[in-house]
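Numbering (the working numbering), first residue to last: -3 to 166.
Where is the CB? At the ideal position from N, CA and C, for every residue including glycine.
Some notes on the structure that comes next.
Structure representation (C-alpha cells):
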C-alpha cells in the first residue's frame, strides 16, 4: 500500500461524552463541531462492573488501602456486602417505592458477595456488553463521527465534593 497524505478539513466533527466538557469547549473555540452522544449500554456496563468488582465483597479492592482512610463516596457502595440480604432488599424497596428511585435498587442489589456461577455469568455479560459497545462505536465512528473523544473512565464521574450526595437516603 503506497503512502498518501491525509488531508483533513479545517472544521472537524467530533462525538463526545458529557465528561469531557473541557476538551469539547477548547475544540469548539477552534471552530470544530462537537456532538454529545450517550450509549444505551451505560447502565448494563455499570451492572457488570458492580457485579464483578463486588463478587468478593470488595475485599480485593479495599485491600490496597492498608491504613489509609476510605473515600467517603465509597461508603454506600461497599456497605452492601456487609449487610444482611434482607436489609439490602428493604433499602432497595424503600428507595423504589417511596423515593421513586429505580437506579439505586438496580445497582445496590448487585453489591454483594457472589457464587462462582454468578461470577462467571457476570464475566459472560461483560464480554457481551464489550462486544455490543465496540459494534455501536464502530457504527457511530463510520456513520456519524470521524473522531470520538472518550472519557478516561467508561461512565461519567461525580466530583469528589458531591459524591457523598449520590445516595437516595440523604
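Query                                                                                                                        : Result
Cβ shell of residue 33 (< 6 angstroms), same chain only, five flanking positions each side left out                          : 11
Cβ-Cβ distance between residue 40 and residue 121 below 9 angstroms                                                          : yes
Three-way DSSP call (helix, strand, coil) for residue 32 in this model                                                       : strand
Three-pair Cβ contact test at 8 angstroms for the stretch 131 to 145 versus the stretch 55 to 62                             : no
7 angstroms CB neighbourhood of residue 27 in its chain, flanking five on each side removed                                  : 7
Opening and closing residue of the beta strand (DSSP E) in which residue 144 lies                                            : 143 to 145
Own chain partners of residue 127 with C-beta closer than 7 angstroms, once the 5 adjacent residues on each side are dropped : none
Alpha-carbon to alpha-carbon, residue 47 and residue 89                                                                      : 19 angstroms
Beta-bridge partners of residue 10, as assigned by DSSP                                                                      : 30 and 143
Coarse secondary structure for residue 1, derived from DSSP in three states                                                  : coil
Sufficient close CB pairs (3 or more, under 8 angstroms) joining the stretch 99 to 114 to the stretch 75 to 82               : yes
Integer-rounded CB distance, given that residue 147 should sit under 8 angstroms from residue 16                             : 5 angstroms
Cβ-Cβ distance between residue 69 and residue 132 below 9 angstroms                                                          : no
Under the three-state DSSP convention, the category residue 101 falls into                                                   : helix
Alpha carbon of residue 44 to alpha carbon of residue 136, nearest angstrom                                                  : 23 angstroms
Own chain residues within Cβ distance below 7 angstroms of residue 92, not counting five before or after                     : 98 and 101
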